[in-house]
Each structure stands twice: as structure tokens, then as C-alpha cells.
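To start, the structure under review is shown below, and the notes come after it.
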Amino acid sequence: MGRRSRVAEILTAVLLLALSAACGSRLPESDFEHADRTTPPRDSAPLRVGIITSATSPVGASAFTGPRDGARAWFDRLNARGGIDGRRVEVRECDDGGSGIGDNECVHKLVEEDKVVALVATTVLDYAGASRVSRARVPDIGGQPIGSAYDTYPHLYGIYGSLAPRDGTTGWDGKLYGGTEVYRYFKREHGARTAAVVSYNQSASAAYARLVERGLRAEGYEVVTEQVDFALPNFRAVAADLKEQGADLVFDAIDGHGNAQLCQAMDQVGAHVTAKVTNVQNWTSTVPEDYKDAPRCRNALWATGSSRNYEDTGDPAVREFREATKGLKTHSQWQLEGWAAARWFTDAATSCARTGITRACVDAFMNRSEGYTAAGLLLPVEFARLPEPPQTRRTCLSVARWQDGRGWVGQGDMNRICFTVPQLAYSP
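Just so we're aligned: 298 in our numbering is position 121 of the sequence shown, and the numbers increase by one with no gaps anywhere.
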């Protein structure tokens, strides 16, 4: 993996991990009915939606495609069942190449030329066109919050919601806030007391590591900080120190390749931990290949997020997702969240069917969303527009652990793993 690719991946991981789990909703159709309005003739033209993905970014060909694949699977299934009010959904995709220039070109093509009614499951490295989407009042539904756009602009609705005013300024006076629920979980449920944070000597990596360290200290952990050289990382030395320090948990601000090397080194020196904690982007079925040389560490991988485990096929909504995506070579949590985003658009468009499926009507549904769960696939989402940042917040978690032979095993009901925790400010 080249240096440019690894820098991009670090930045992606840092931005993703720094986001707090936010808690939006399916409104009854009656909310958009008006007794004094005559129902227009049924429109049979296809509904155009756009999906922008950094499919060929510096991070790699598959890093951002999960949400796109999940959304596309939903729309394929929806069209096979008759579409929305008899109208087929026509999906227009655009690969922005992971660049701001490419993203603006995709926004121009989909929003201004193709006249899509909405964007769905946006997953891009540099959302440079976000302000143009907002100015055009095109609802962007269920996008992955890589960067701060979904906490900055109106008409953009990230998959996890937002409490920020979204008036054109990021967060509150340029600051975003994240909670300490992940650290609280491992302290309460697993008795963890000592946590290590591993980063590169690179600015984005080091900045995120400091944020994790603050959160851990706020929860009363003894914190061990480890930094490795970005160009020539000595993960064996880090692993040996983790063993010496007796770390219960390991968090990181490094790329996927570095994580695999760190895990391999931990196995080699016998550094055994309660949990090697990763994030939703790495909650995938490729763990056996990614960590093939680290069986002990691999089975200590834990992931946390805000959506129901894609392996939980006992849940009917997850089972539906898995049946529709059985042809995919791999599965991931991001695919499930893309599926949920497409379902969210479908619920919004269905609510508008009697009066006309327009950008404005779909946006009105989204803007009034509160408690949306995509049939239980998401923790309840909201867009609160709070004038001041919250000091504390009750936040719930989806938690899973990797086990060879079983995959990602859920660790309880995500709607009940909840904590009231402090919210810490950070600069995106």
C-alpha cells in the first residue's frame, strides 16, 4: 500500500471514529395529506435517485462501496416488487474518485443534469459538493458522515442523525461533540481499567488519538499512549510495551494495514487483551483474510456502532437484507446501513405519493424525522437542531465480537446497551 493511500485511509478512519452515535422517523402518511388538495393524476415516470461513492479513491477500490451496494440491493428488490406507487426507482451512480473536484462533478451531474429527487447513501472521502446539494434543496438521505458536512448543512441527513443547528456552520461554533459510551461500556461490562491508544506520528492520527485519550480519562481509565513512526512503524515494540503495561483494551488511530500488523505483533509477543476495539467501517466478513496471521488478536476484535449487527439473522429486517444480498461476495455493516438509507428514502417517497413525490415533500419528511429506525435496523435517529451543544446525552450502542467459526456475535440488545455520558468537544 502506497504512502498516499495510507494517509487517506488514516484520515478516513479518524473522521469516522470521531463521530458520536446520534440518535430520525417514519412519519405517518397522514402528515402529508391535505383534505383541500386534489390528488393529482398518478405519475408513472421512473423516480431518479443518485448515489455518490468514492469507489476509486486513494484508499482503495472497496473502502467506500458498502453503502452503495446495500442501497442498490434495496432498490433492486423494491423494483422487483413494483417500485413506489407503481413507479420504478432509477438509480444513477457516480464515482467521484475520492477528490473534491470529482465530487463537485458528481453533484453537478446528478443534481443539476439528471434532476434526481434525492441522494441516497452518499459515501465519499471529500464531500466538496455538499454546499451545492444543500443550496439546491436536494435531500441527501442516510449518508456516511466522513467529515463534517452532515453536521453543517440543511437538507443533508446523515445515517446517524445530528443534534447540530446545521445552518451552514459546522456543529456549534465549529466544534463537534462526541460521547464516551464506548469506554463506559467496556468499563462496566468487562471491568476494563487500563486502555492503550496507538497512533502514528502523523497529524490526523495523533489528533484523533488525543480525543480518544481524553474520553478514556474522563471515564477513569489509566491510559497508555503508543506512537509509531508512520514510514517505518515498529509494531513489535508497541506490542511488547502493551504486554508490559497490562492493557485491557487497545484503541487505535491507524489504518487497516497497520491494524493487521499490530495484531500480528501482539500475537507474536503474547500481548493478550480483553478487546482490540475497531469501528463500523471494519465490521466486515473479511476479518479472517485481513487478520489471517493473528488468530488470538483476531478473536479479541470488538466493533461498536449504531446499527443492528448484519449477522443477526434472527431479526426479520436483517434476514430480509441478507436474503437480498446473498449474491455478494462479502457482507458488512456499511452495506446494511446503505440498505437502511434506501429504505428511509422509500418511506419518505411513499408518504408523498398522494400529493406528488418531489424534492420538497421528501425533504419535509426527512426534516421532521424523529426516532426513525428503518424497521429496527438503526438506533432511533433524530435531527434536533439544538441551539447549544449538550453537556451529557443518553446514547445506546450496538456491540459485536468476532469469533472464528461464528463471525460477528452480537453482545445484547442495542436498544438496551445505553449510557448517559459526557459530551466532549473536538475540532473536525
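For glycine and all other residues, C-beta sits at the position ideal for the given N, C-alpha and C.
Legend entry - Proximity to residue 453 [Cα-Cα], best of 600, 427, 567, 589: 427
Legend entry - Where residue 287 falls: helix, strand or coil (DSSP): helix
Inset, instruction - Return the chain-ordered list of same chain residues with a C-beta closer than 8 Å to the C-beta of residue 447, the five sequence neighbours on each side being excluded. - result: 420
Inset, instruction - Using 10 angstroms around the beta-carbon of residue 338, count the other beta-carbons present and answer buried if the total reaches 16, otherwise exposed. - result: buried
Legend entry - Neighbourhood of residue 555 by C-beta, 6 Å cutoff - its chain only, sequence neighbours within 5 removed: 484, 517
Legend entry - Residue interval of the alpha helix (DSSP H) (run including residue 358): 358 to 367
Legend entry - Contact with chain B by residue 475, beta-carbon distance below 8 Å: No chain B is part of this structure, which consists of one protein chain only.
Legend entry - contact_flag[the region 350 to 360, the region 587 to 602] where n(CB pairs < 8 Å) is 3 or more: yes
Legend entry - Three-state class that DSSP yields for residue 423 in the structure shown: coil
Legend entry - Which listed residue (507, 545, 509) has its alpha carbon closest to that of residue 525: 545
Inset, instruction - Check whether the Cβ atoms of residue 458 and residue 487 lie closer than 8 Å to each other. - result: no
Inset, instruction - Look at the Cβ atom of residue 262, then the Cβ atom of residue 530, and state whether they are nearer than 8 Å. - result: yes
Legend entry - Beta-carbon gap between residue 398 and residue 372 smaller than 8 Å: yes
Legend entry - C-alpha gap between residue 277 and residue 305, whole angstroms: 5 Å
Inset, instruction - Compute the minimum distance between the beta carbon of residue 323 and the heavy atoms of the ligand MN, and state whether it is under 7 Å. - result: This structure does not include the ligand MN; it has no bound ligands of any sort.
Inset, instruction - Check the DSSP bridge columns for residue 176 and list the partner residues they point to. - result: With the chain covering 178 to 605 only, the question about residue 176 has no answer from this structure.
Inset, instruction - Would you mind sorting residue 568 into buried or exposed? The rule is 16 or more other CB atoms within 10 Å of its CB. - result: exposed
Inset, instruction - Within 10 angstroms of the Cβ of residue 346, are there 16 or more other Cβ atoms? Answer buried if so, exposed if not. - result: exposed
Inset, instruction - Report the rounded CA-to-CA distance for residue 442 versus residue 379, giving the unit in angstroms. - result: 21 Å
Inset, instruction - Specify the secondary structure class of residue 204 as computed by DSSP and reduced to three states. - result: Note on residue 204: pLDDT 36, under 50, position unreliable in the model; the coordinate value appears next. Residue 204 falls in the coil class under three-state DSSP.
Inset, instruction - Within its chain, find whatever has a CB closer than 8 Å to the CB of residue 367; leave out the 5 residues flanking it on each side and keep chain order. - result: 425, 451, 452
Inset, instruction - Check whether the Cβ atoms of residue 522 and residue 293 lie closer than 8 Å to each other. - result: no
Inset, instruction - Could you say if the region 222 to 235 and the region 248 to 262 meet the contact criterion of at least three C-beta pairs nearer than 8 Å? - result: yes
Legend entry - Length of the line joining the Cα atoms of residue 566 and residue 560: 13 Å
Inset, instruction - For the beta strand (DSSP E) holding residue 294, just list the boundary residues, first then last. - result: First-last for residue 294: undefined, no H or E at that position.
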